[in-house]
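A quick write-up on the structure given underneath.
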């Protein structure tokens, strides 16, 4: 569970709810028009922008990855891969059948080594799987960003529709206030969807994409070294050398 | 038919119509001033921006491609090209006369091979046709983007004209509301033309452009390999190797 | 005459005039304050931004090129250059004295060849003339863009000045409407100057700049080939080969 | 102490406080709703955007570095390093034990030389420490920028919530003014947080990052030269040669 | 004196003053609150953004260079340098003592040659002086741009403070108008400072920076050639060859 994302969202909702209750009641802030125009409009523009398959993959995948955190960091992955190399060195690839790991991508690689697949097959299959995965995650990030960018515009559309109706009915001034309040709700919803949810999630997915790229490339490199029965110390040393600059300094820091 | 584009547009229109009817009647949202200023203004600015030929080609072509989807994906194209290579291997180029394909660009290439044109002619002609086609599609995308960018500005112009007239006639306050409502309609039209239609269509055309580039380049490569009577398995292997990274992973995923 | 630019501008003006007359009379939209602030302000900011010489060259030159269209397209230029090469081949450079062409830059090149100037002189002089010309056209484009960018800001300045005066005189509410109408006119003028005139003209000049660069480089290449008495077929072939990709496909398309 | 930052902030606060007192009293500008929505909202969006560790490191570090100034400039550092080289030349590395310097990073390097660590260890350790440090400072800069970018959006959210509540309660017009005043406070807070505090601090951190990179790289280069017992004049000459162009001119200027 | 800058500023001020007097009197547009918030706020944000030394150098230097024009253009500089080369050829470097030039940077170079300094010293010293000068001019440009970018934001802060005070005192509606007028003045001041003064000056400084770079590099090249007693015709030819493309065409054009 990515606590930062979850806590951030909770804090944001708490802030809005607090303000709402301090000034009156929740019903004042519920309006079916605004919900229709924001969710319907953002959905419509997103459907025109992206292919169907991309939306169906990207939306839930993005939501999932924004709220989960990798079970194993690069540093731990290097530890785990070194231990696995140790096992293979001592007991041969067969011994891998009993090794338990959290990371499903690493588990897949271990199974390939245990089953004795050749180097090229493992490399191609795992790199393809990593690329397909990153492609989808990136598409998810783009969809959240596009949604966050167009939500305020749809809020304005909703407010304009409400204001047109309000001004056209201006003969009864007593209704003006509540109608104006409702018209403003669409802008409020649009600003919240964009600034609290979609754009920050897109930014976080951008960070996760980078993380997953580093971790999965590390796993592929490690599995290939293990496949060739390199010594544990060599595996460790080479994996650290493969890491991009930034992650090496993070490792050093820990 | 590109269902995503069509459905997206339907959802967007449904959202707007629902909101309109929930708050009154449709006539409140129809104003000939707003229609003139948005459509006239966007047309005027687009005519100054682009050459005539480009607009006449680009507008309908963009609309067509935003709403249609390729009949054959890269994966199916490779299958089809492999089968054609099989036919040519077995029965010679003459046998191609009876082959039926959906894709017109592919059909054109098959006819060239059947008619026995030489390699250079086929390569030059097909590459030129692909480039002319992509050039026009790109111009269409740019026109939709420019229209989507200037629509809100013209909405503001319409609203300003309406407000000037409204304030100048302010002696009769009872008319103020309806006049204000009409003035806001231009902004509403501009926001809808931009955010619901033009900008999402420009984004989708950007995706289609990439798709068509990949598919047509694939067809050219395939036709040239078939022209040289390469074996079907070689054709398949080389076409997959020619594909850009991203499409190869999509292929693998299917 | 570039019909697209002229028609676009006419349509834009027609749109604004129609709206103005549908809602009242023209006088309502004429305000000397707004004219002073928009034209004066844009002039002031442009004078601070660019050197004098650039403004004096760039403004009229940009206006002229936005409204005129090249008499001869690359395709026709290649035809014309091929015919001239034919003449030189048959009757020698002297015969060029009687050749009539529309393009003044081409005419200048023909005169140089007829007068027997050497290759280096022709190349240097014509390339310098082309570069000076493109430099000025580019400066014109930049000036129109800068004017289009700052016009809305000056519209806001004018509206703010008007509103300050309006609010300061608020003791007489009956005057409020007309004063507000006048204040809004500056914003309207700024939006029209920017979105209808300056920015689209800057975009069109950007296209023209590219066109002139291609045409004049083509003429220089052609004149140099003719100077060396190359055969007409070689001149044609080499000129087509010199063309940038995009223009070659346009040629092929015709 | 970075006087510019501190004075700038003081001037900004003085400006706001002066205006507040000139027009009434401070209580008019204190509103708990606005504080909740700005601080809560910015906190929420920042938590979703960045990982926890980054926020905990980056926020205080950024604040500290924006308000402090390096005790020693490149010019003084070169002087200091030259003197240290002199000491080592004369009395050997042992003599370094008594050398006192202000800069902690330089002190660390001197201790390594005094303790006789080898060249590679010193280089790796110090470069890693510099990179980790710059990484955190850069993260701090990004966090302040993201906060400055989203503060105005949250101000708008707060104002929208206030306006909805105001319009919904419009039956009592006498309350309208104070409620509107409160609603506007969120926008005011957001604009001040963004334009007075977060964005200028992010810009200053960008400058500091560059400064620290130059100074710490200089220290590493100097320590390595001293480790190899180079002559003081050579140390000085090489360090000046290592400096980036801009800093060399600053040195020359002093 | 750079007439374009001075005239532009005069026209801009004339425009504003004309509008002010046409609608009432000047006092209506003078408000000490607005002056405090714009000048104080912009000063505060600039002090946080830039180091003190940079502001003290950059502000007056930028103002000076925006309003002055180089006494000698590249074309005239080449003429002058050719004449100086003539003098040195005929009478030796000593004769330079009596040569009078307007450009102080050129005068400095001539003195170095007359005093017989060696080539390397002249090159290093003059290049360093040029770089220090350009560094400061660039910093001036950045400061004016940053000020122009943040002035409208401070205008909004001032208007918000004014509006909060106005709405809080809404019990007396007769005061509403004048208070609103005063509140809008801050936005007006911010827009004028940004769009009339700071941003155009930053753009002009950008042009001047390029000009000074070309002229001073030309002077250094010329002085070094003269130091080596090259023939006047060679000096002229080489200096023209050193000029960047654009300036060569300007030279040719004159």
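Residue numbers (the numbering used here), protein chains in the order written: chain A, 64 to 317; chain B, 64 to 317; chain C, 64 to 317; chain D, 64 to 317; chain E, 64 to 317. For each residue, glycine too, the CB sits at the ideal point set by N, CA and C.
Listed by position along chain E, the residues whose Cβ is nearer than 7 Å to that of residue 201(D) form an empty set, because the closest Cβ is around 18 Å away.
The alpha-carbon of residue 77(A) is positioned some 10 Å away from that of residue 83(A).
Counting only runs of 4 or more residues that sit fully inside the segment 137 to 193 of chain B, the alpha helix (DSSP H) segments are 137 to 154 and 167 to 177, in chain order. Each of 217(D), 296(D) and 117(D) was checked against the Cα of residue 79(A), and the nearest Cα belongs to 217(D). Of the candidates 245(E), 294(E) and 225(E), the residue whose Cα lies closest to the Cα of residue 90(E) is 245(E). For residue 162(E), the CB contacts under 7 Å within the same chain, skipping 5 residues up- and downstream, are 147, 150 and 173 in chain order. Here residue 286(C) really is in contact with residue 189(C); their C-beta atoms are around 7 Å apart, less than 8 Å.
Secondary structure of residue 94(E) (DSSP, three-state): coil. Spatial neighbours of residue 254(A) in its own chain (CB-CB distance under 7 Å, excluding positions within 5 residues in sequence) are listed in chain order as 215 and 218. Between the alpha carbons of residue 110(D) and residue 70(A) lies a gap of roughly 7 Å.
Counting C-beta pairs with one atom in each stretch, the segment 203 to 214 of chain A and the segment 252 to 267 of chain A have three or more that are closer than 8 Å, which means they touch.
Secondary structure of residue 258(E) (DSSP, three-state): helix. Counting the other Cβ atoms within 10 Å of the Cβ of residue 238(D) gives fewer than 16, which makes it exposed. Exclusion of the five residues before and after residue 204(D) leaves 125, 265, 268, 269 and 272 as the residues of its chain whose Cβ lies within less than 7 Å of its Cβ. Rounded to whole angstroms, the gap between the alpha carbons of residue 229(C) and residue 229(E) is 16 Å.
Where residue 112(C) is concerned, the enclosing alpha helix (DSSP H) starts and stops at 104 to 112. Between residue 223(C) and the set 226(E), 249(E) and 98(E), the nearest pair of CA atoms involves 249(E). Contact residues of the segment 263 to 291 of chain E toward chain C are 263, 264, 266, 267 and 270 (C-beta to C-beta distance below 8 Å).
Judged by their CB atoms, residue 294(C) and residue 152(C) are nearer to each other than the 8 Å cut-off.
Counting of Cβ neighbours within 10 angstroms places residue 175(B) among the buried residues, the total reaching 16 or more.
Look at residue 208(E): its C-beta is not under 8 Å from any C-beta on chain D.
Selection 66(E), 252(E) and 129(E) evaluated against residue 96(E) yields 252(E) as nearest (Cα-Cα). Apart from the 5 residues on each side of it in sequence, residue 177(E) sits with its Cβ closer than 6 Å to the Cβ of 156, 159 and 160 in its chain, given in chain order. Of all residues in the segment 91 to 118 of chain B, only 91 and 92 come within less than 7 Å of chain A when Cβ atoms are compared, listed by chain position.
Judged by their CB atoms, residue 130(E) and residue 65(E) are nearer to each other than the 8 Å cut-off. In terms of beta-carbon proximity, residue 224(E) lines the interface with chain D, with at least one pair separated by less than 8 Å.
Taking C-beta atoms under 8 Å as the contact rule, residue 274(D) and residue 138(D) fail to qualify, at a distance of about 13 Å. Interface with chain C (8 Å Cβ-Cβ cutoff): residue 213(B) is included.
Per DSSP, reduced to three states, the secondary structure at residue 208(D) is helical. Between residue 103(C) and residue 74(E), the CB-CB gap stays under 8 Å. Not a single C-beta of chain A is nearer than 8 Å to the C-beta of residue 231(B). In this structure, residue 302(B) lies near residue 141(B), with their beta-carbon atoms less than 8 Å apart. For residue 121(C), same chain residues with a beta-carbon under 7 Å away, outside a window of 5 residues either side, are 199, 202, 203 and 206 in chain order.
Listed in chain order, the positions of the segment 238 to 250 of chain E with a beta carbon within less than 7 Å of a beta carbon of chain D would be empty, since no residue qualifies. Taking a beta-carbon distance threshold of 8 Å, residue 304(C) does not count as an interface residue toward chain B. The beta carbon of residue 220(E) sits closer than 8 Å to those of 100, 104 and 249, all from its chain and outside the five residues before and after it, given in chain order.
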